[in-house]
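Comments concern the structure below.
Protein chains: 2
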Amino acid sequence: MARKQGSHSDITGPKVQAAALRLISQHGFAAVSMRQIAAEVGVQAGALYNYTPDKQSLLFELMRNHMQDLLADWDQQDKSGTTLARLERFTRFHIRFNLPRADEVFISYMELRNLSPDNFAKIEQMRREYETGLEDILRDGEREGTFAVPDVRIATMALIAMLNGLNSWYRDNGRLGLDEIETIYWDLVRKSVAV
Amino acid sequence: MARKQGSHSDITGPKVQAAALRLISQHGFAAVSMRQIAAEVGVQAGALYNYTPDKQSLLFELMRNHMQDLLADWDQQDKSGTTLARLERFTRFHIRFNLPRADEVFISYMELRNLSPDNFAKIEQMRREYETGLEDILRDGEREGTFAVPDVRIATMALIAMLNGLNSWYRDNGRLGLDEIETIYWDLVRKSVAV
DNA sequence: GTCTATAGCGGGATAGAC
DNA sequence: GTCTATCCCGCTATAGAC
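Just so you know, the protein sequences line up as chains A and B, in that order.
For the first sequence, counting from 1, position 133 maps to 133 in the numbering used here; every step adds exactly one.
Position in the second sequence (first residue = 1) + 1000 = the numbering used here.
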């Protein structure tokens, strides 16, 4: 009946990730101890090392998983249509993907400096790859005259920063629904690059 | 001649702030030790406690000083003219104030969660006060028909997030000068709230 | 796979001499 | 005002029993 005590790798593994995600998002990587994470999971600190070689790898896995999900989801989006339609699709995708992942997004921006140089480079490359998705849309629209963007790279960074800001104040039970917020942000984005 | 050894309060005080600013900005509050700060200043760890009652107060002072400077400088700006002129003035002021203060700005956004609840409330109130400066401009412009802003509060947050993003990628020796960058951002801001 | 126990280190903060 | 020395605590990571 009850499975043998002390054999829960398939359960404990995800729980470690979830606990680390929540605690690091709330308190910061440097401020969270392996003991805290273990306590949240319901094991002793030593047991965590069955799932991660060290604390650094735990952080890296959280960030890599998040970026992999982001890139995979974006890859599956429709890439056809006018540049305006593509820009709207990017805007709405970005909001819809990021908003339900507040902890992951927060960590991905706040804890970059706590990555080892090697790990940092890997995450940065993935982030750059994602940004290129928007940059290409803006460049195409600029060339064909749909958009007026003095500097495509700056506009890319500016728009992503604007969209990311949403995560810092959005609350599920706020006065506006997700659809309304999406539309308001799309209005800002659309006009900011308009001719 | 040489002043009496062990009496440098007027020199050491600012050096402690400067060292804390630099180190916390680079590594994060939780990751920086009082010993590291002391080493950067050139004293022993115990000597720091002549200048701060504890580590928490050191962080709070950094953030409070930054916000006080911001509010004081903004208060001195010209508040007259059309709403469009006021919006341009805010945009350029924000960029010009924040860009040379990369460490302070970074800390003010990254280390909020390391403030005690009391200190957090004080900093948040100052930030909110500053945001109101932009919010008022947008609301006035919306009322008189100069701007088309579906939601003033969201637009305020979105524009500030966009402008703050500049700090994360700007480098002094980059391909664009400060004036050019200001103008590019002003173009994005102006159009995003245009009718 | 998890536990207990611990090694080895570094943290914040204080005491008291100078 | 700064120093040295230290208290007491918590940290990451490992060892070995079960």
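By construction, the Cβ of each residue, glycine as well, lies at the ideal position given by its N, Cα and C atoms.
Being a predicted model, the structure only gives us computed values, none of them experimental.
Local conformation of residue i per DSSP, three classes
i, result
"B:Ala1194", "strand"
"A:Ser9", "helix"
"B:Phe1147", "strand"
"A:Ser57", "helix"
"B:Arg1089", "helix"
"B:Asp1118", "helix"
"A:His94", "helix"
"A:Asn65", "helix"
"A:Asp179", "helix"
"A:Gly42", "coil"
"A:Asp172", "coil"
"A:Gly15", "For clarity, residue 15 of chain A is Lys in the given sequence; the question names Gly instead. In this structure, A:Lys15 counts as helix in the three-state DSSP scheme."
"B:Gly1081", "coil"
"B:Glu1135", "helix"
"A:Gln76", "coil"
Short CB-CB distance (under 8 Å) between residue i and chain B
i, result
"A:Gly133", "no"
"A:Gly165", "yes"
"A:His94", "no"
"A:Trp222", "Limits of chain A in this structure are 1 at one end and 195 at the other, which puts residue 222 of chain A out of reach."
"A:Lys55", "no"
"A:His66", "no"
"A:Arg127", "no"
"A:Gly174", "no"
"A:Arg113", "yes"
"A:Ile24", "no"
"A:Ile123", "no"
"A:Ala20", "no"
"A:Ala102", "no"
"A:Lys4", "Residue placement at A:Lys4 cannot be trusted, given a pLDDT of 41 that sits under 50; what the coordinates show is reported in the next sentence. No, its Cβ sits nowhere closer than 8 Å to a Cβ of chain B."
"A:Met63", "no"
Terminal residues of the alpha helix (DSSP H) in which residue i lies
i, result
"B:Ser1168", "Val1152 to Trp1169"
"A:Val105", "Ala102 to Met110"
"A:Asn50", "A:Asn50 -> no alpha helix (DSSP H), and no H or E assigned at all."
"B:Ala1031", "That residue, B:Ala1031, is in no alpha helix (DSSP H); it is neither H nor E in DSSP."
CB contact check: residue i to chain A, cutoff 8 Å
i, result
"B:Asp1151", "yes"
"B:Ala1038", "no"
"B:Met1157", "yes"
"B:Gly1081", "no"
"B:Arg1139", "no"
"B:Trp1169", "yes"
"B:Gly1028", "yes"
"B:Ser1192", "yes"
"B:Ile1107", "no"
"B:Met1034", "no"
"B:Ile1011", "no"
C-alpha gap between residue i and residue j, whole angstroms
i, j, result
"B:Arg1022", "A:His66", "30 Å"
"A:Lys4", "A:Pro53", "Low confidence applies here, because A:Lys4 scores a pLDDT of 41, under 50, leaving its location unreliable; read the following figure in that light. Each residue's alpha carbon lies about 25 Å from the other."
"A:Met1", "A:Asp69", "Residue placement at A:Met1 is flagged as unreliable, the pLDDT there being 38, under the threshold of 50; a coordinate-derived value is accordingly withheld."
"A:Ile165", "B:His1008", "Strictly speaking, residue 165 of chain A in this sequence is Gly, with Ile absent from that position. So the two alpha carbons sit approximately 43 Å from each other."
"B:Tyr1185", "A:Tyr51", "46 Å"
"A:Gln44", "A:Ala18", "16 Å"
"B:Ala1029", "A:Thr82", "Before going further, note that residue 1029 of chain B is Phe rather than Ala in the sequence given. For B:Phe1029 and A:Thr82, the distance between alpha carbons rounds to 46 Å."
"A:Asp136", "A:Leu87", "10 Å"
"A:Asn114", "A:Ala39", "23 Å"
"A:Met62", "A:Arg101", "According to the sequence displayed, residue 62 of chain A carries Leu and not Met. Straight-line Cα distance between these residues: approximately 12 Å."
"B:Glu1129", "A:Ala85", "37 Å"
"B:Asp1075", "B:Arg1092", "15 Å"
"A:Gln26", "A:Lys79", "36 Å"
"A:Asp103", "B:Asp1010", "43 Å"
"B:Ile1123", "B:Arg1064", "7 Å"
"A:Arg171", "B:Ala1158", "15 Å"
"B:Thr1012", "B:Tyr1109", "26 Å"
"B:Arg1143", "A:Gly174", "24 Å"
"A:Val193", "B:Thr1156", "18 Å"
Chain-order list of residues whose beta-carbon lies under 7 Å from that of residue i (same chain, five-residue window excluded)
i, result
"A:Ile160", "Glu131 and Leu134"
"A:His94", "Leu163"
"B:Met1034", "Ala1045, Leu1048 and Lys1055"
"A:Trp169", "none"
"B:Met1126", "Met1067 and Leu1071"
"B:Phe1120", "Leu1112"
"A:Gln77", "Arg89 and Phe93"
"A:Arg139", "Val152"
"B:Asp1073", "Phe1097"
Close-in-space but distant-in-sequence residues of the same chain around residue i (CB under 8 Å, 5 per side omitted)
i, result
"A:Val195", "Gly145, Thr146, Phe147 and Ala148"
"A:Arg96", "Leu178 and Glu182"
"A:Leu188", "Met162"
"A:Ala20", "Val32, Ile37, Leu58, Leu59 and Leu62"
Sequence-distant residues of its chain with Cβ nearer than 6 Å to residue i (five each side left out)
i, result
"A:Val32", "Leu23 and Ile24"
"A:Lys15", "Val41"
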